Every structure is written in structure tokens, then in C-alpha cells.
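Notes follow once the structure below has been shown.
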Amino acid sequence: MGAITLRNVSKAFGDAVIIPGADLEIAHGEFVVFVGPSGCGKSTLLRLIAGLEDLTSGQILIDGEDVSGVPPARRGLAMVFQSYALYPHMSVRNNIAFGLRMAGMPKEEIDAKVARAALTLNLTDCLERKPRQLSGGQRQRVAIGRAIVRQPKCFLFDEPLSNLDAALRVNMRIEIMQLHRQLDATMIYVTHDQVEAMTMADRIVVLNKGVIEQVGSPLELYNTPNSLFVAGFIGSPKMNFISGPFAARHNAATTGIRPEHIALTGAGGDVQGAIMLTEHLGADSFLHIDAGEAGRLTVRAPGEYGGKPGDAVALRFDAARLHRFDSQGKVIV
Numbered sequence: 004m005g006a007i008t009l010r011n012v013s014k015a016f017g018d019a020v021i022i023p024g025a026d027l028e029i030a031h032g033e034f035v036v037f038v039g040p041s042g043c044g045k046s047t048l049l050r051l052i053a054g055l056e057d058l059t060s061g062q063i064l065i066d067g068e069d070v071s072g073v074p075p076a077r078r079g080l081a082m083v084f085q086s087y088a089l090y091p092h093m094s095v096r097n098n099i100a101f102g103l104r105m106a107g108m109p110k111e112e113i114d115a116k117v118a119r120a121a122l123t124l125n126l127t128d129c130l131e132r133k134p135r136q137l138s139g140g141q142r143q144r145v146a147i148g149r150a151i152v153r154q155p156k157c158f159l160f161d162e163p164l165s166n167l168d169a170a171l172r173v174n175m176r177i178e179i180m181q182l183h184r185q186l187d188a189t190m191i192y193v194t195h196d197q198v199e200a201m202t203m204a205d206r207i208v209v210l211n212k213g214v215i216e217q218v219g220s221p222l223e224l225y226n227t228p229n230s231l232f233v234a235g236f237i238g239s240p241k242m243n244f245i246s247g248p249f250a251a252r253h254n255a256a257t258t259g260i261r262p263e264h265i266a267l268t269g270a271g272g273d274v275q276g277a278i279m280l281t282e283h284l285g286a287d288s289f290l291h292i293d294a295g296e297a298g299r300l301t302v303r304a305p306g307e308y309g310g311k312p313g314d315a316v317a318l319r320f321d322a323a324r325l326h327r328f329d330s331q332g333k334v335i336v
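Reminder that position 80 of the sequence shown reads as 83 in this note's numbering, one-by-one numbering, no gaps.
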């Protein structure tokens, strides 16, 4: 099992409060992603769960047992860091087996565990290689293999793909998601990349200055953000925000609408504008439009859209998809 509960967990370094008080329930087998901008406290929260940082106050429970004062090695968790942290002089086999050997496990059992992990991670042909003979993706899989053989209650990933190029990041995302299904294990994953969060998570935890802003499935956060912060952070391209007279007509300080919920229309429409820039991405084009009092807007259009900078356009908003926020940045229901 791998259920994790946070009860009013806080962390401060002197007068600097990093996590003011977090409450969270993570069920066994969930894939939960902590996401937010740099400095929001997501890695600190992960390290508190791992036991690598001491709590200032609150409780952390694993399967109902309070582990707030329990050393990291006795929590039954395995952490995969941003850096691979492999021993360069050891083979892949010995890197994966190192922790088990230090724990005094019998050689036969170690060999069996390493073989199973290598098979799961497609590393069987690499077991006798040294880390310098591996690609970045293979090195990251070795680091994951080192965690798998411990059979932890939960895997903790701290931005494990940030050192990889774009193509490898996509491949490794898929591999980690497949691994999650194969192992039926709880996984907590930290990233600043909201695309990773949207594609990988069962639930996303959005953090802002140490505060949990919202928790929900990717589509819940995308379709029903509870604040300007969540609305602006989740989604790529980000949601359009409009203030001033247009927002006031909707009894809001700010209105938000996503690029795909704005239609290009031949005449009329809610606002008029002119194309500033067109980004052609194949299946889609993103138009950056100067919409006068509505500000600069991004509109998703078909990939073959032929508009040019300077062209006049009329825009119609999907009224059912407008998001309204008050002066404090909270959603108006």
C-alpha cells in the first residue's frame, strides 16, 4: 500500500515560510503531480514527504502511520532525483543493486530483483555497461531501476526529465506512465512543466508560494480553475485574460477565455481586432491579435488558416466558456 496523508504540514527556514500549511490526501496507486513555478515549494513538499527535510509543524502519514519523525530510510519510499546520481565506475547492474547490497540482501535475491527491473525498463542488454556508455534516457531508467528494486510504497520523482532533450522527455513521460500502470504503485511527481502535469497525472496539485491553490484531475483544472493563478498556469497556450469595460459587462474584474473558445467570424462578433502574428504549428495555427479594449488575445485556428499580419478579424467568444474572476483573483461562480 502507499496512501499518503498530509495534515497541516508546514516548513519554515528561520523567518522565511516556504510551506504555510498543506493538507492533502493521496490514495494508493494514484499518480499525483505537484506543479507550479520555480520557488513555489513543490520540491520542498516532496522532500518533506521523503524525510529529507524536517517538518516545522504538522503530520505526514503513510498508510495511516505517522512518519513525521521517521528517518528517510525507514519510510518505505524511493526517490528519483533530477540528477541521475549514478556511480560512474560501476556497471548498470551494480548501480541498480547497490542499495540492496548495502542492506545485506542475499545475492540470489538481488540478482532476481535486478533482472526483473532491467526487463521492465528495457535495460537487460545494458547491464554490463558503465553510465558513460548510456544515453540520457537510459541513465534515467537506471536511476528508476534503482528505486524499483526496493519495492517502495511510493515513488517520488523530483523533476526527473529536466536534463533531457524534448524528444527524450516525451519518450520518458510515456515510459514512466506505463511503469505506473505495470507496478500499480503510488507516484508523486514534481515538475514546473504544466504539459507534463496534464499528460501524466491522475490528479494535479497546483502550488503558489507554498499554498495549495487547487487539486483535481487535469481536465477539472483546465475546465474549472478556481483562481486566476490556476487558470493562467494550466493550459498551453495560456488562457486569455481581459479586464476593463469588457470584463465589467460580465460583472467581473477579469474575464478569461481559452484560445480554442474564440471563433473567427466574418462580421459582427464580440470584438474586432487585427492579426499581429501567426504561429503555424501544422494541425493548428495560433493567432496573436490586437483586440483593442480587450487587449492582446491568442486564438486557436486551423493549421491551414491563411491570415496575415495586419488583416482585420472579428472574434466571437463562446459565452458558455467564459471564466469570471473577482478583484482578488478568485473565480465567480
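We treat Cβ as the ideally placed atom computed from N, Cα and C, and that holds for glycine.
As the structure is a computational prediction, the values presented were derived from the model and not from experiment.
Within a 10 Å sphere around the beta-carbon of LEU222 sit fewer than 16 other beta-carbons, which makes this residue exposed. With 16 or more other Cβ atoms inside 10 Å of its own Cβ, GLU199 counts as buried. Three or more beta-carbon pairs separated by less than 8 angstroms are not found between the segment 305–318 and the segment 231–238, which leaves the two stretches without contact. The beta-bridge partner set that DSSP reports for SER239 is empty. Along the segment 191–236, the alpha helix (DSSP H) occurs as fully enclosed runs of 4 or more residues at 197–203, 221–226, 231–236, listed in sequence order. The Cβ-Cβ distance between ILE99 and VAL173 does not fall below 8 angstroms.
In the three-state reduction of the DSSP assignment, GLU68 falls in the strand class, which pools E and B.
Three or more Cβ pairs closer than 8 angstroms define a contact, and the segment 310–329 meets that threshold against the segment 257–276. Under DSSP, the beta-bridge partners assigned to LEU290 are THR281, VAL302. Counting only residues of its own chain and dropping the five nearest sequence neighbours on each side, GLY79 has a CB closer than 6 angstroms to the CB of PRO155, LYS156. Between ASP205 and SER165, the alpha-carbon positions lie close to 21 angstroms from each other. Each residue's CA atom was taken as its position, placing GLU28 and GLY272 some 45 angstroms apart.
Taking a contact as a CB-CB distance under 8 angstroms, the pair LEU64 and ILE22 does not count as one, their CB atoms being some 16 angstroms apart. For GLY148 against LEU167, the beta-carbon gap comes to about 17 angstroms, at or over 8 angstroms, which does not count as contact. Contact between the segment 119–131 and the segment 7–22 is absent: fewer than three C-beta pairs spanning the two stretches fall below 8 angstroms. Under the three-state reduction of DSSP, LEU186 is assigned to helix.
Here VAL208 is actually not in contact with VAL20; their C-beta atoms are around 18 angstroms apart, not less than 8 angstroms.
Two segments are said to touch when three or more pairs of C-beta atoms, one from each, lie closer than 8 angstroms; by this definition the segment 243–254 touches the segment 290–299.
In the DSSP secondary-structure assignment, GLN62 is bridged to ARG10. A Cβ-Cβ contact shorter than 8 angstroms links ILE260 with HIS326.
Annotation: ASP114 is outside any beta strand (DSSP E); the continuous alpha helix (DSSP H) that includes it extends over 110–123. Setting aside the 5 residues that flank it on each side, ALA286 is surrounded in the same chain by GLY306, each with a C-beta closer than 6 angstroms to its C-beta; the list follows chain order. Around ALA30, the same chain offers ALA6, THR189 as residues with beta carbons nearer than 8 angstroms, after the five sequence neighbours per side are excluded.
Within the same chain, LEU58, GLN62, ILE63 come within 6 angstroms of SER71 by CB-CB distance, once the 5 residues on both sides are set aside. Here the alpha carbon of PRO134 sits roughly 15 angstroms from the alpha carbon of LEU124.
In the three-state scheme derived from DSSP, where H, G and I count as helix and E and B as strand, CYS43 is classed as coil. For the pair ALA53 and ILE215, the CB atoms are not nearer than the 8 angstroms cut-off.
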